[in-house]
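If you're matching positions, the sequence shown starts at -2 in the numbering used here and goes up one per residue.
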Amino acid sequence: MPLDRERIVAAAIALADEGGLEAVSMRKVAARLNAGPMRLYGYISTKQELFDLMVDEVHAEILPAEQPGDWREALRILAHHTRQAALRHVWLADLLGGRPTLGPNGMAVTEAKLAALDGFADIDTVLRAVETVSSYLTGAIRREIANLRAERVTGLSKREWQRASGPHLTKMLATGRFPALTKAVHDGTDVDAETSFATGLDWVLDAVAAKLTRPPA
């Protein structure tokens, strides 16, 4: 089968899904495709370009089938789709944030975010609102992925890690130096990652709503 960009990107994504971004190189992608590494350079110039294409390909999974009329629902769907894509492709967390993706799928996701708020405020407010929501997504997703990676590296689930860390934590809290943390540990409700993500997202969207100049129709 002849090489093309689509096959190269698909092979790179498969490698990254299996072993992270460190598992992706032009040589390894070429080996996956039973081709010589130099042949890939006829389609892709650098590994960074390959990463950009991988990110854009995954952004196709983020786009909803149709744009909801309600701005909150539109941004909520995009946020949850982004989280779900990152859980399927854990390496995506390492490439979120920074400069915007300029591939067609990445631009379509940005367009959907901006379109959701179009007409509800001036363009600068809309831009800041989209940046705020995107910053929350990046931080929340990276935190969740970091926890998942810690589980894999240590072999300890969250509950197992908490039990193992319990004696040290109890000793530290008993010093009386951390009263607010003690209250959080003893009285706070432990929620799963999806609930935490959804709650934080709703709070961010509440903040966005407070800045809009026209109420939703």
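Every residue gets a Cβ at the ideal spot worked out from N, C-alpha and C, and that includes glycine.
### Message
Let me confirm a value: H165 is counted as buried when at least 16 other C-beta atoms fall within 10 Å, else exposed. Which label applies?
### Response
Looking up residue 165 in the sequence shown gives position 168. So H165 counts as exposed.
### Residues near P61 by beta carbon distance below 6 Å, same chain, minus five either side
Walking along the sequence shown from the start, residue 61 turns up at place 64. Excluding positions up to five away in sequence, the list reads I74.
### Task
Please report how far the alpha carbon of G39 lies from the alpha carbon of D1, in whole angstroms.
In the sequence shown, the residue the question calls residue 39 occupies position 42. In the sequence shown, the residue the question calls residue 1 occupies position 4. Distance from the CA atom of G39 to the CA atom of D1, rounded to whole angstroms, is 9 Å.
### Query
If you run the structure through DSSP and keep just helix, strand and coil, what is D119?
Against the sequence shown, residue 119 aligns to sequence position 122. D119 falls in the coil class under three-state DSSP.
### Task
Could you have a look at S162 and say whether DSSP puts it in helix, strand or coil?
Within the sequence shown, the letter at position 165 stands for residue 162. Looking at S162 - three-state DSSP - the assignment turns out to be helix.
### Message
The alpha helix (DSSP H) that contains A45, what's its start and end?
### Response
Taking the first residue of the sequence shown as position 1, residue 45 is located at position 48. This sequence places Gln at residue 45; Ala is not what is there. From DSSP, the alpha helix (DSSP H) with Q45 extends over K44 to H56.
### Spatial distance of W88 from L18 (CA atoms)
Within the sequence shown, the letter at position 91 stands for residue 88. Within the sequence shown, the letter at position 21 stands for residue 18. If you take the alpha carbons of W88 and L18, they lie about 6 Å apart.
### Query
Beta-carbon separation of L93 and T43 under 8 Å?
For the purposes of this step, residue 93 is identified with residue 96 of the sequence shown, where counting begins at 1. For the purposes of this step, residue 43 is identified with residue 46 of the sequence shown, where counting begins at 1. Going by C-beta atoms, L93 is not nearer than 8 Å to T43.
### Task
Counting only runs of 3+ residues fully inside the stretch 56 to 130, write out the beta strand (DSSP E) ranges in chain order.
none
#### Entry: Rounded C-alpha distance that separates A8 from R146
Within the sequence shown, numbered from 1, the residue matching residue 8 stands at position 11. Within the sequence shown, numbered from 1, the residue matching residue 146 stands at position 149. If you take the alpha carbons of A8 and R146, they lie about 23 Å apart.
### Nearest-angstrom beta carbon gap, D53 and P101 [assumed within contact, 8 Å]
Here the question's residue 101 lines up with position 104 in the sequence shown. Here the question's residue 53 lines up with position 56 in the sequence shown. Confirmed, Cβ separation roughly 7 Å.
### Query
Comparing alpha-carbon positions, which option in K180, A90, L153 and D121 lies nearest R140?
Within the sequence shown, the letter at position 143 stands for residue 140. Considering only alpha carbons, the answer is A90.
### Task
Tell me whether A214 sits in a helix, a strand or coil according to DSSP, three-state version.
Residue mapping note: residue 214 aligns to position 217 of the sequence shown, counting from 1. Because A214 sits at a pLDDT of 48, beneath the cut-off of 50, its placement in the model cannot be relied upon, and the following sentence gives the value as read from the coordinates. Correct three-state label for A214: coil.
### Query
My guess is that A83 and I138 are in contact by the Cβ rule of under 8 Å, so how many angstroms apart are they, rounded?
Taking the sequence shown and counting its residues from 1, the one referred to as residue 83 is at position 86. Taking the sequence shown and counting its residues from 1, the one referred to as residue 138 is at position 141. Indeed they touch by this definition, with Cβ atoms about 5 Å apart.
### Query
Can you give the Cα-Cα distance for H183 and H77, rounded to whole angstroms?
As a working mapping, residue 183 is identified with position 186 in the sequence shown. As a working mapping, residue 77 is identified with position 80 in the sequence shown. Answer to the nearest angstrom: the Cα atoms are 30 Å apart.
### Task
With DSSP as the reference, label G173 as helix, strand or coil.
Along the sequence shown, read from residue 1 onward, the residue named residue 173 stands at position 176. If DSSP states are grouped into helix, strand and coil, G173 belongs with coil.
#### Entry: Boundaries (first-last residue) of the alpha helix (DSSP H) holding A20
Within the sequence shown, residue 20 is the residue found at index 23, counting from 1. For A20, no alpha helix (DSSP H) encloses it, and the DSSP letter there is neither H nor E.
### Span of the alpha helix (DSSP H) around G39
Looking up residue 39 in the sequence shown gives position 42. No alpha helix (DSSP H) holds G39; DSSP gives it neither H nor E.
### Task
Within 10 angstroms of the Cβ of R149, are there 16 or more other Cβ atoms? Answer buried if so, exposed if not.
Residue numbering aside, residue 149 sits at position 152 when the sequence shown is read from its first letter. Exposed: under 16 other Cβ atoms inside 10 Å.
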